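Numbering (this note's numbering), first residue to last: 308 to 1445.
Ideal Cβ positions, reconstructed from N, Cα and C, are used throughout, including at glycine.
Small disclaimer: the values here were computed from a predicted structure and weren't measured.
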């Protein structure tokens, strides 16, 4: 049963009525009724772009950008109200919102239509009633009408009529055949690749731009699309110049505004081309603006002109075999003479039995008398008249086999004709000569535009009944036909026309006739009129197609500054794009030379064809699952050969034009890449990148990187606040300054909880981190994980982040500034465990202290230093990091200073020399200073600081019990005390209790005093967090107090009174002494440095001293503004070898 008829139970009739009332498309029209096609037509008229329309609802462009609709999953929200409501599929009923029934999917595919691209006229756009009455007719064009003939019309054009005979005569039959064969092979290979792409799914109207952009991505698509647009625009210039050349040279020569005198004919002709060309382009632009439908209707007329001209040429060739046309050519010696300079091809004629000199005599002699002084070459050579078209059976083909290149101004001479050279033969005005220098590569560039136009069939894919069958067959047949025409014409022209006439570009030796016209039958005017209308129609087609191509690129939104050209009139006519196209076309008109414009558009077309071949080769080699073309006669080697041939032809035509075209395309590519083309079209470049990444990762997995290739591949550990925002954004700034876009950067963070619950927060956190990375210009990857606790989460990141050989080797994190103020020691314990895990993983560790004071990417240090304190050698990372920082603009003007510490037994002078030599071999520029640290007694300050540190540590250990545990212990003690009260005398017990209570209170006050004093001794802590438990007064018995005191003397803890009797650990004293002395030296030397890099000592193996380790690092870095603690990964990262 059709989807339009639904069986509704009686009980649901009212619900069904409500559904029908509300089930409308935007705009108030019914969806799903018999007027669907009318709605689609009105939408097409309003959008005036290519529309994919399904049976339910037409595609819409809400933002002005074309969207690619799909009849597959999640394609339409309107179908959700039409779900299958029976019981047979109840198992899948919860998935019906996202996964439609197969019957619904097939119904959509069956009703799919691909509407033709185009615009409507003003009266049709304004008369909505008239549009509403019209019905959309299904595309009915087949291969012959829809593809073959349009391609034939676009391929056969101005070059065939105006330049082909000249190319054959100049290059000779053999080299001309090679030129034609190369160019036709290029287009045939491109057509094979294009057929594979065009039959790999539905290709909307858009031609090569659509195929390249969807196959190679928005960057290549935008670059090549714009180059194809420029090529189409310059093709319009070439066709208009051809039209004006035919008009002024062969139809109405007297219409020329500028007249050349004394050899200035060429410059005058160029000025005439500029004036008439500008007028012609304005007229054509107005025609396109007013009514495109008139251009489309005249297309058949233009096609008829082309076909009639081709038939006339072949008819003339056949006729020349038995009745050659009579077009004599006059030669002086072996030189061909201009026909306008003589009336009779003779020096003298006999009139009334008298010898009379001719007009030709007057050209070379100073007077008409027979004894006049004449040109030496004229006197020594005879005047000969030969046939310009000897005919197919004349044997002239042997004379035209070989090339005849020459410089500008070289005279056109007949080979094998007797001639006597003369010393004064520089007189060139009566002769036909080369207007430009000729050579093989120039002819290739001029000829190639005559084989373009192979995209005409793919551009009309919306009009075809079966595009996937018609496009390959029609295009390849058209190329085969035109290739046969061109190759046969090479041979036939060389076999029928005299060589000097072939090389006469403008027919000046045959009374100003078009050379190919004098061969045709029945009249030269057939070719002249046919070629005039053909070139005029081709120019109109270019001005019609190029603006729509630009509009399609603009609507895709991949080039932001072109978006204004995506808009147009109410009927969709690309007005602004037409204006730009006419302006660019005027540039070609101002060049004014067909021979100079043709190589320019050859570059752009060749680049377009090259990328069509590349797209097919990439898709074939990648073997992507979606690459299933119906056209099977392709292979990646053919595509690669076509691409190579296109590239070779670009440089053969003109190497500097090729470089300019590639530079333009490269700039557009980088611009689109820089602006970030947010388009995902499933292109082959993405797949190629994945394959290349996979191959590179497998290669990197084979062996660890060499020291020379080592660079910090960073894992940046970020902390997030309660709103999932980045706490320390300057950590990302520092990452950007350190990496400068090179190498691997992974930004990781951890959210506590379970993934099923915290998944939305994780996604939001990832977006926030990516936004922060974009703001700080940090190029890398973001990885947010959800874990039960932070410690396990960071451990998982350190272990598993990265893939294969692209794993991080360095961890960057911020120093926990508030580690002393945390009630919970987990924060600093997590930090220490992270240090241990990076050491165990043999990864380097960078800890930035006071990270919020680090410079942003916009700051610039005009002077200052980066100080490196090289205490121990752990791979050379300390010396490599400043060098990497100096590559960034922030640190570029900072100088590097390296300090090292010498003991009493060391020779500091020799150490400095050795270090300078070592830096010289490392190619590092740095100042070197050796700091001597003399042996000194441990100061009372150090001893007291160590004691305070240990006392504080023990106090915090006693306070680590949770409130619940403390309450349970107090309750058990209270219960024991109450039971003992019942068995003892109240009076004796009361005296002991008072004493114990006083002693306990005194101990608590003393402990509180010690804790307050320790806390106040640290200047970095601004506010003390309440970490002391509430004071508890209990009534104890004497026995209970004794037992409790003995229990506290066990190794599990130290009593409050023992805090005053404890002595500091000698190992801690020595470590504190080192931290204090080093801190004094570092602060003395580097207090004003912009950044201080220090060796980071490792954490103690015994975890009982973790808090002491934090204190040592705090003392070591006290008084410094920006500090980077560096811990190597256990391998050399810098080498003196090349």
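**Report entry** 8 Å Cβ cutoff met for residue 638 and residue 737
**Finding:** Here residue 638 corresponds to residue number 331 of the chain shown, with the count starting at 1. Here residue 737 corresponds to residue number 430 of the chain shown, with the count starting at 1. Taking 8 Å as the Cβ cut-off, residue 638 and residue 737 do not qualify as a contacting pair.
Query raised in the report: Does the distance from the C-beta atom of residue 545 to that of residue 886 stay below 8 Å?
Result: Numbered from 1 along the chain shown, position 238 holds the residue referred to as residue 545. Numbered from 1 along the chain shown, position 579 holds the residue referred to as residue 886. Against a cut-off of 8 Å, the Cβ pair of residue 886 and residue 545 comes out as no contact.
Report task. Determine the contact status of residue 1441 and residue 1153, defining contact as a CB-CB distance below 8 Å. Result -> For the purposes of this step, residue 1441 is taken as residue 1134 along the chain shown, with counting starting at 1. For the purposes of this step, residue 1153 is taken as residue 846 along the chain shown, with counting starting at 1. No, these two residues do not count as a Cβ contact at 8 Å.
Report task. Return the first residue and the last residue of the alpha helix (DSSP H) that residue 559 is part of. Result -> If you number the chain shown from 1, residue 559 lands on position 252. Here residue 559 belongs to no alpha helix (DSSP H), and DSSP marks it neither H nor E.
Query raised in the report: Counting along the chain, where does the beta strand (DSSP E) carrying residue 1121 start and finish?
Result: Against the chain shown, residue 1121 aligns to sequence position 814. Element bounds for residue 1121: 1117-1121.
Requested in this report: Mind checking which residues open and close the alpha helix (DSSP H) that includes residue 1088?
Outcome: Working through the chain shown from its first residue, we reach residue 1088 at position 781. No alpha helix (DSSP H) holds residue 1088; the beta strand (DSSP E) holding it covers 1088-1094.
**Report entry** Sufficient close CB pairs (3 or more, under 8 Å) joining the segment 674-689 to the segment 782-798
**Finding:** no
Requested in this report: Determine the DSSP secondary structure at residue 831, reduced to helix, strand or coil.
Outcome: Locating residue 831 in the chain shown gives position 524, where the first residue counts as 1. Three-state result, residue 831: helix.
**Report entry** Buried versus exposed, by CB contacts within 10 Å (16 or more), residue 1359
**Finding:** The residue given as residue 1359 occupies position 1052 in the chain shown. Unreliable positioning characterises residue 1359 in this predicted model, as indicated by a pLDDT of 43, which lies under 50. The coordinate reading is nonetheless provided below. The C-beta of residue 1359 has fewer than 16 other C-beta atoms within 10 Å across all chains shown, which makes the residue exposed.
Report task. Would you tell me roughly how many angstroms separate the C-alpha atoms of residue 1446 and residue 751, rounded to the nearest one? Result -> Limits of the chain in this structure are 308 at one end and 1445 at the other, which puts residue 1446 out of reach.
Requested in this report: Leaving aside the five residues before and after residue 1428 along the sequence, list all residues of the same chain whose C-beta is less than 7 Å from its C-beta, in chain order.
Outcome: The count along the chain shown starts at 1 and reaches residue 1428 at position 1121. Cβ neighbours of residue 1428 beyond the five flanking positions: 1157 and 1160.
Query raised in the report: For residue 1402, which three-state DSSP category applies?
Result: Numbered from 1 along the chain shown, position 1095 holds the residue referred to as residue 1402. When secondary structure is reduced to three states using DSSP, residue 1402 falls in the strand class.
Query - Burial state of residue 558, where buried means 16 or more other Cβ atoms lie within 10 Å - result: Within the chain shown, numbered from 1, the residue matching residue 558 stands at position 251. Taking all protein chains in view, the Cβ of residue 558 is surrounded by fewer than 16 other Cβ atoms within 10 Å, so the residue is classified as exposed.
Requested in this report: Report the residue from 1072, 819 and 1012 whose alpha carbon sits nearest the alpha carbon of residue 1020.
Outcome: Working through the chain shown from its first residue, we reach residue 1020 at position 713. Ranking 1072, 819 and 1012 by Cα distance to residue 1020 puts 1012 first.
Query raised in the report: Beta-carbon separation of residue 584 and residue 625 under 8 Å?
Result: As a position in the chain shown, residue 584 is number 277, starting the count at 1. As a position in the chain shown, residue 625 is number 318, starting the count at 1. No, these two residues do not count as a Cβ contact at 8 Å.
Report task. Return helix, strand or coil for residue 738, following the three-state DSSP convention. Result -> Working through the chain shown from its first residue, we reach residue 738 at position 431. Of the three classes helix, strand and coil, the one that applies to residue 738 here is strand, per DSSP.
Requested in this report: Provide the residue span of the alpha helix (DSSP H) that contains residue 1012, from first to last.
Outcome: Along the chain shown, read from residue 1 onward, the residue named residue 1012 stands at position 705. It is not in any alpha helix (DSSP H) - residue 1012 carries neither H nor E in the DSSP assignment.
**Report entry** Member of 1203, 1216 and 1210 whose CA lies at the smallest distance from the CA of residue 1234
**Finding:** The residue given as residue 1234 occupies position 927 in the chain shown. Ranking the options by Cα distance to residue 1234, first place goes to 1203.
Query raised in the report: Are at least three pairs of beta-carbons, each pair with one atom in the segment 1189-1204 and one in the segment 1408-1416, less than 8 Å apart?
Result: Contact between the segment 1189-1204 and the segment 1408-1416 is absent, because fewer than three Cβ pairs lie under 8 Å.
Query - C-alpha gap between residue 754 and residue 466, whole angstroms - result: Against the chain shown, residue 754 aligns to sequence position 447. Against the chain shown, residue 466 aligns to sequence position 159. The alpha-carbon atoms of residue 754 and residue 466 are separated by roughly 7 Å.
**Report entry** Alpha-carbon spacing of residue 1035 relative to residue 1026, whole angstroms
**Finding:** As a first step, residue 1035 must be located in the chain shown, where it is residue number 728. As a first step, residue 1026 must be located in the chain shown, where it is residue number 719. When rounded, the distance between both Cα atoms is 7 Å.
Query - Cβ neighbour criterion (16 or more within 10 Å) applied to residue 1167 - result: Taking the first residue of the chain shown as 1, we reach residue 1167 at position 860. Exposed: under 16 other Cβ atoms inside 10 Å.
Report task. From the DSSP output, read off the bridge partner residues of residue 1174. Result -> Along the chain shown, read from residue 1 onward, the residue named residue 1174 stands at position 867. Bridge partners of residue 1174: 1204 and 1399.
Query - Rounded C-alpha distance that separates residue 1155 from residue 1238 - result: What you label residue 1155 is simply residue 848 of the chain shown in a count that begins at 1. What you label residue 1238 is simply residue 931 of the chain shown in a count that begins at 1. Going from the Cα of residue 1155 to the Cα of residue 1238 covers about 24 Å.
Report task. Within 10 angstroms of the Cβ of residue 1180, are there 16 or more other Cβ atoms? Answer buried if so, exposed if not. Result -> Working through the chain shown from its first residue, we reach residue 1180 at position 873. In the assembly as shown, residue 1180 is an exposed residue. Its beta-carbon has fewer than 16 other beta-carbons within 10 Å.
Query raised in the report: Which of helix, strand or coil does DSSP assign to residue 267?
Result: Nothing can be reported for residue 267, as the shown portion of the chain is limited to 308 through 1445.
Requested in this report: Within 10 angstroms of the Cβ of residue 914, are there 16 or more other Cβ atoms? Answer buried if so, exposed if not.
Outcome: To locate residue 914, count along the chain shown from 1; it is residue 607. When all chains shown are included, residue 914 counts as buried.
Query - At least three beta-carbon pairs within less than 8 Å, the segment 802-822 to the segment 594-614 - result: The segment 802-822, when compared against the segment 594-614, does not touch it at the 8 Å Cβ threshold.
Report task. Under the assumption that residue 758 contacts residue 643 (Cβ atoms under 8 Å), give the Cβ distance between them as a whole number of angstroms. Result -> For the purposes of this step, residue 758 is identified with residue 451 of the chain shown, where counting begins at 1. For the purposes of this step, residue 643 is identified with residue 336 of the chain shown, where counting begins at 1. A Cβ-Cβ separation of about 30 Å leaves residue 758 out of contact with residue 643 under the 8 Å criterion.
Report task. Could you tell me whether the Cβ atoms of residue 1118 and residue 1024 are closer together than 8 Å? Result -> Working through the chain shown from its first residue, we reach residue 1118 at position 811. Working through the chain shown from its first residue, we reach residue 1024 at position 717. A contact, by the Cβ cut-off of 8 Å.
Query raised in the report: For residue 1323, does the three-state DSSP call read helix, strand or coil?
Result: Here residue 1323 refers to the residue found at position 1016 of the chain shown. Bear in mind that the predicted position of residue 1323 carries a pLDDT of just 39, short of 50, making it unreliable; the figure below should be weighed with that in mind. Helix, per DSSP.
Report task. Give a yes or no on whether the C-beta atoms belonging to residue 496 and residue 948 are separated by under 8 Å. Result -> Within the chain shown, residue 496 is the residue found at index 189, counting from 1. Within the chain shown, residue 948 is the residue found at index 641, counting from 1. Yes.
Report task. Label residue 1062 either buried or exposed according to how many other C-beta atoms from any shown protein chain fall within 10 Å of its C-beta, with 16 as the threshold for buried. Result -> The residue you call residue 1062 lines up with position 755 of the chain shown. Exposed, because fewer than 16 other Cβ atoms sit within 10 Å of the Cβ of residue 1062.
Query raised in the report: How close, in whole Å, do the beta carbons of residue 1174 and residue 1206 come, if the pair is a contact with beta carbons under 8 Å?
Result: Locating residue 1174 in the chain shown gives position 867, counting from the first residue. Locating residue 1206 in the chain shown gives position 899, counting from the first residue. The pair is a contact, with the Cβ atoms about 6 Å apart (cut-off 8 Å).
Query raised in the report: Where does residue 1019 fall in DSSP's three states?
Result: Looking up residue 1019 in the chain shown gives position 712. If DSSP states are grouped into helix, strand and coil, residue 1019 belongs with coil.
Query raised in the report: DSSP three-state call for residue 977: helix, strand or coil?
Result: As a first step, residue 977 must be located in the chain shown, where it is residue number 670. Helix at residue 977.
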